Structures are given as C-alpha cells and as structure tokens.
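Count the sequence shown with our numbering and you get residues 5 to 173, in order.
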Amino acid sequence: MKNLYKIAPLGILTLLLTATSASAVDPAALTRLAADNACEHCDLSGADLSNKMLKGAGLNGANLTNANLNGINLEGAHLVGADLTGAKMVGAKLSNANLSNAKLVSVDLTDADLSSADVNGTILIKSDVTGASFLEVVLGNFGQYASNTECRTTRPNGSLSNQNCRPNE
Numbered sequence: 005m006k007n008l009y010k011i012a013p014l015g016i017l018t019l020l021l022t023a024t025s026a027s028a029v030d031p032a033a034l035t036r037l038a039a040d041n042a043c044e045h046c047d048l049s050g051a052d053l054s055n056k057m058l059k060g061a062g063l064n065g066a067n068l069t070n071a072n073l074n075g076i077n078l079e080g081a082h083l084v085g086a087d088l089t090g091a092k093m094v095g096a097k098l099s100n101a102n103l104s105n106a107k108l109v110s111v112d113l114t115d116a117d118l119s120s121a122d123v124n125g126t127i128l129i130k131s132d133v134t135g136a137s138f139l140e141v142v143l144g145n146f147g148q149y150a151s152n153t154e155c156r157t158t159r160p161n162g163s164l165s166n167q168n169c170r171p172n173e
C-alpha cells in the first residue's frame, strides 16, 4: 500500500505513454523532460509530443528529427541549436521561442505561430509555412530561408504572403 504513493505523477506517465513511436525514444529523456520541463541535448527523435504543454522548455541542442509536435505549446522555449528536421509542427505555438541556430528542414509548420521568435542563424528550408505567423520576426536573421511553401503566411510586418499557393487556397 505504501508503494502507491511512489507512483509517478499522472502527467509524467501520460507523457511517457504518448511519446513513444515506432523508433526507440529514450525513456530517460522523456522522464527528464516531463519532470524538469527541460532536456538539453537529448535524443527525442521520432517522439510523439503532440499537443503537449512545454512552455519555456529547455531543449537546447535536442534532436527532435521526425518528431510529432503537432499542436505543441513551446511558447518561450529554448531550442538553440535543436535539430527539427522532418518534424510535424502543425498548429505549434512557438511565439517568443529561441530558435537560434536551429535546423528546420522539411518541417510542416502549417498554421504555426512563430511571432517574435528568435531565428538568428536558423536554417528554414523546404518547409511548409502555410498559414504560419512570423509577426515581428526578423526574416533577415535566418541563416537560410529558401524553398518554403508560403500561403496565407503572415510576414513580420503583418502582410500576407501567398507565394506558392495551390489552387483554391
């Protein structure tokens, strides 16, 4: 009966159960992320962290390649040097996040909010930013910004970009 009180909090258990995928996600990294809201230089590749609340999380240098981050809240998070190649980030909240020197290649950022994010040195190429908001982001600070699909994308000055829209969008 005494051991019942030593069971992990429900939030940690939920994160561990939903953050697994076909690839082997390091359970220790998930436990650390759930307990500390931080996991710098962790391998979270392929993790399913969709719809998680990770505001202000410390994920500097984390490997989040091919992770499911749809609907995640990373407002104010620290993702300096993180690798998000191939991540699914539809509807992600990244306002005020520090993405300096992060790698976002072939990322789905459809309807994501990157308002006021720090993108100094960030590589954003071959990604879908349809409906994303870059309000108050200095696009010139990107290390590389090319070959992205922009449709209904809010530019830093509030204007809309409809570059590469498909018919009926």
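Yeah, the Cβ is synthetic: ideal placement off N, Cα and C, and Gly gets one too.
Computed from a predicted model, the values in this text were never measured in an experiment.
If you measure between the beta carbons of A81 and D52, is that distance less than 9 Å? As a working mapping, residue 81 is identified with position 77 in the sequence shown. As a working mapping, residue 52 is identified with position 48 in the sequence shown. It is not a contact, given that the beta carbons lie outside the stated cut-off.
Classify D30 as helix, strand or coil using the three-state DSSP reduction. As a working note, residue 30 is residue 26 in the sequence shown. DSSP places D30 in coil when its eight states are reduced to three.
Can you pull the DSSP bridge partners for N72? Residue numbering aside, residue 72 sits at position 68 when the sequence shown is read from its first letter. Bridge pairing for N72: D52 and K92 [DSSP].
Of the listed residues N41, D40, H45 and G50, nearest to V29 (C-alpha basis): Along the sequence shown, read from residue 1 onward, the residue named residue 29 stands at position 25. Per the Cα distances, G50.
Candidates F146, F138 and G147, of which the one nearest S165 by Cα: Residue mapping note: residue 165 aligns to position 161 of the sequence shown, counting from 1. The option with the nearest alpha carbon to S165 is F138.
Going by DSSP in three states, A38 sits in which element: helix, strand or coil? Within the sequence shown, numbered from 1, the residue matching residue 38 stands at position 34. In this structure, A38 counts as helix in the three-state DSSP scheme.
Using a 10 Å radius around the Cβ and a threshold of 16 neighbouring Cβ atoms, would you call N67 buried or exposed? Taking the first residue of the sequence shown as 1, we reach residue 67 at position 63. Answer is buried; the Cβ neighbour count reaches 16.
Where L164 sits in the DSSP three-state scheme: The residue you call residue 164 lines up with position 160 of the sequence shown. It is a strand residue.
Counting only the same chain and skipping the five closest in sequence on each side, list residues whose C-beta sits under 6 Å from that of Q242. The structure shown has nothing for residue 242, since the chain only spans 5 to 173.
Give me, in chain order, the residues of the same chain whose beta-carbon lies closer than 6 Å to that of T157; leave out the 5 immediate sequence neighbours on both sides. Locating residue 157 in the sequence shown gives position 153, counting from the first residue. Excluding residues within five positions, the ones whose Cβ falls inside 6 Å are V133, A136 and S165.
Taking just the CA atoms, how far does S99 sit from E193? No answer is possible for residue 193: it lies beyond the span of the chain, which begins at 5 and ends at 173.
From D122 to M93, what distance separates their C-alpha atoms? For the purposes of this step, residue 122 is taken as residue 118 along the sequence shown, with counting starting at 1. For the purposes of this step, residue 93 is taken as residue 89 along the sequence shown, with counting starting at 1. The alpha-carbon of D122 is positioned some 17 Å away from that of M93.
What do you get for A32, buried or exposed, if any count of 16 or more other CB atoms within 10 angstroms of its CB means buried? What you label residue 32 is simply residue 28 of the sequence shown in a count that begins at 1. By the neighbour-count definition (other C-beta atoms within 10 Å, threshold 16), A32 is an exposed residue.
Do N102 and G147 have their C-beta atoms within less than 9 Å of each other? Reading the sequence shown from its first residue, position 98 is the one you call residue 102. Reading the sequence shown from its first residue, position 143 is the one you call residue 147. If you check the CB distance, N102 and G147 do not come in under 9 Å.
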